[in-house]
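Everything on this sheet refers to the single structure shown next.
Numbering (the numbering used here), first residue to last: 1 to 573.
What follows is the structure, given as structure tokens:
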């Protein structure tokens with residue numbers, strides 16, 4: 001799915017500390033103090049960063065406004081798969097845990113938990129004051145039912161993230177119909193507020209996974225299959241609730257008065273416009289109609305970034321995120337089923353030129369799939385797994401590989417093909433630049449085509465494309481969030497990639513209890529995916545480019561690149 005600079009060593013050490021704490025303790029770790037930060041010590045036990053200045057006056061109107069840009073395809077946590085939907089879901093729903101700014105799991109609906117000595121069985125104790133937006137209590141049974149709903153092999157549409165629940169003992173067998181008994185899935189409500197979960201093998205990042213949307217509980221009405229499509233039928237349990245949804249126009253959230261930590265939520269209303277044109281979005285920001293412009297959901301015109309660095313240095317915020325920008329090859333479609341043709345295309349572009357002259361947002365060239373800022377064994381993963389060894393940009397070699405691939409495919413030249421991207425100025429500029437590079441280096445004709453976000457996602461899922469834009473943001477702070485994407489049968493395998501050797505490396509890494517061996521297996525899997533098979537084409541490691549009004553407080557871009565406004569507020573201005 002799809003971000004402060006996570007390259008700082010302090011942040012890295014904090015992330016590593018979080019994982020050590022989560023794995024080595026038998027109970028919920030207390031929120032840690034961090035230099036220059038004030039940890040929340042209120043009743044909610046959230047441990048989130050707070051910047052509230054007690055001497056600063058609050059604005060009378062606590063309405064926060066930003067541009068969503070695209071219509072969310074789904075607001076069902078069980079079936080959604082995109083960052084636009086998650087931007088909303090992460091504020092109207094809450095899982096057993098939540099993530100702080102640094103990617104550390106902190107208490108959410110579960111106020112505490114224990115794990116057994118083998119680090120496989122967890123017992124979660126839910127807050128007794130956690131309620132749904134309609135006043136119903138949030139119970140352990142809600143979580144059990146919701147997780148088994150995602151794993152139900154008959155569920156339609158099929159949840160693309162069902163595989164994220166495979167860490168639970170019995171989950172994979174049930175989802176793949178090797179078992180027909182939902183009770184074989186080792187998640188059980190022991191009583192109204194106690195949930196027991198047994199894993200197939202120890203998973204260091206399991207607590208982080210619990211903050212991901214697929215693990216959210218749902219309060220669905222089984223009589224209404226379209227409950228997640230309209231504001232008046234969505235019942236949620238997070239800090240906000242949805243009250244208005246004018247499709248293709250706007251979405252409005254209001255503070256959820258039934259939220260257990262409602263006193264910490266200062267914003268009373270959140271208004272999201274759905275405006276695709278970045279120039280219009282910028283105009284709305286300039287005239288005061290928006291508090292935020294740009295990413296993660298909006299867009300700042302790339303040709304204005306340099307000017308904004310000079311004119312609005314205090315409002316422009318650029319930060320590295322755990323996101324990789326790349327192109328998909330339809331591995332099942334000729335001629336992209338040929339590895340040498342895929343390698344030729346990947347080697348024939350100049351990534352440095354793209355980030356320095358086209359995208360202009362501080363991005364850096366990418367040669368792997370795992371994004372920057374993801375924790376490794378002793379350092380950041382990307383520092384431990386040098387992606388520059390996977391392949392080199394080399395036009396002469398690209399030409400030779402293309403010639404070889406064409407012969408293997410029975411072709412004399414590469415037919416004109418279409419490069420698809422979802423409507424976005426930066427995506428368009430990047431696509432045009434790359435198409436021109438392919439034309440100039442390899443003599444290839446490429447048609448670039450933009451598609452509306454929902455249509456684009458459906459076409460990718462159905463493998464109805466030749467080459468398409470993609471981006472992946474960390475769902476949790478571990479390389480596996482990128483590494484396992486293209487396993488056979490994965491709901492996110494939208495390239496038709498099939499390599500049992502890659503699958504085995506990923507499965508062995510997931511089952512390994514040796515951190516060093518596990519990390520090595522993931523490195524080998526990434527090498528297999530990129531260096532050997534070039535199943536996708538990495539382009540650059542993404543950043544978040546955003547304008548934020550100076551009176552906006554405690555609203556931040558988290559390590560994933562998502563905007564968190566849960567404890568945000570507007571100062572008097």
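Glycine included, every Cβ here is placed at the ideal spot set by N, Cα and C.
On a predicted model such as this, the values are computed, not experimentally measured, just so you know.
Inter-residue CB distance, residue 368 and residue 473 (contact presumed, cutoff 8 Å): Going by Cβ atoms, the distance from residue 368 to residue 473 rounds to 15 Å, so no, they are not a contact pair.
Nearest-angstrom Cα separation, counted from residue 289 out to residue 313: 20 Å
For residue 62 and residue 48, the rounded distance between their alpha carbons: The predicted position of residue 48 is uncertain, since its pLDDT is 47 and thus under 50; a value taken from the coordinates is nonetheless stated next. The straight-line gap from Cα to Cα measures roughly 20 Å.
Own chain residues within Cβ distance below 7 Å of residue 466, not counting five before or after: 330, 333, 336, 417 and 418
Three-pair Cβ contact test at 8 Å for the region 392–399 versus the region 336–355: yes
Cβ shell of residue 558 (< 6 Å), same chain only, five flanking positions each side left out: 101 and 564
Secondary structure, beta strand (DSSP E): runs of 3+ residues fully inside the region 363–438: 417–422
Distance between residue 260 and residue 375 (C-alpha atoms, nearest Å): It is roughly 32 Å from the alpha-carbon of residue 375 to the alpha-carbon of residue 260.
Rounded C-alpha distance that separates residue 256 from residue 109: 15 Å
Cα-Cα separation between residue 500 and residue 352, rounded to whole angstroms: 34 Å
Per DSSP, the bridge partner or partners of residue 71: Partner(s): none; residue 71 has no beta bridge.
Whole alpha helix (DSSP H) elements within the region 197–252, 4-residue minimum: If we require 4 residues or more, the alpha helix (DSSP H) runs fully inside the region 197–252 come out as 206–209.
Of the listed residues 293, 321, 297 and 322, nearest to residue 308 (C-alpha basis): 293
Anticipated Cβ contact below 8 Å, residue 338 with residue 409, distance rounded: 5 Å
Residue 43 in three-state terms, based on DSSP: Any reading at residue 43 needs caution, since the residue's pLDDT is 27, under 50, leaving its predicted position unreliable; the model's value is listed next. Per DSSP, reduced to three states, the secondary structure at residue 43 is coil, with no helix or strand assignment.
Secondary structure of residue 191, DSSP reduced to three states: strand
Candidates 176, 200 and 432: closest to residue 468 by CA position: 432
Rounded separation between residue 341 and residue 404 - CA only: Using only the alpha carbons, I get a separation of about 8 Å.
Candidates 186, 133, 478 and 275, of which the one nearest residue 69 by Cα: If we check each option's Cα against that of residue 69, 275 comes out closest.
C-beta contact flag for residue 478 and residue 205 at 9 Å: In this structure, residue 478 sits near residue 205, with a CB-CB distance shorter than 9 Å.
Sheet register partners of residue 472 (DSSP bridge): 324
C-alpha distance - residue 442 paired with residue 519, whole-angstrom precision: 37 Å
Sub-9 Å separation of residue 542 and residue 323 beta-carbons: yes
Inside the region 266–347 only - beta strand (DSSP E) runs reaching at least 3 residues: 269–273, 292–294 and 316–329
Buried versus exposed call for residue 175 [16 or more other C-beta atoms within 10 Å across all chains shown]: With 16 or more other Cβ atoms inside 10 Å of its own Cβ, residue 175 counts as buried.
Candidates 383, 395, 370 and 306: closest to residue 343 by CA position: Out of 383, 395, 370 and 306, 395 has the C-alpha closest to the C-alpha of residue 343.
CB-CB length for residue 530 against residue 390, believed under 8 Å: 5 Å
Cβ neighbours of residue 128 in the same chain (closer than 7 Å, five flanking residues each side left out): 193
N-terminal and C-terminal residue of the beta strand (DSSP E) that residue 541 is part of: In the DSSP assignment, residue 541 falls within the beta strand (DSSP E) that extends over 536–548.
Contact check, residue 126 vs residue 210, beta carbons under 9 Å: no
CB contact flag (residue 189, residue 130, <9 Å): Contact: no.
Bridge-paired residues (DSSP) for residue 99: Looking at the DSSP assignment, residue 99 forms a beta bridge with 105.
CA nearest to the CA of residue 461, picked from 449, 453 and 495: 495
Alpha carbon of residue 517 to alpha carbon of residue 57, nearest angstrom: 53 Å
heavy atom of the ligand GDP below 8 Å from residue 161 C-beta: The ligand GDP is absent from the structure shown, which contains no ligands of any kind.
Residue range of the alpha helix (DSSP H) that includes residue 509: 500–511
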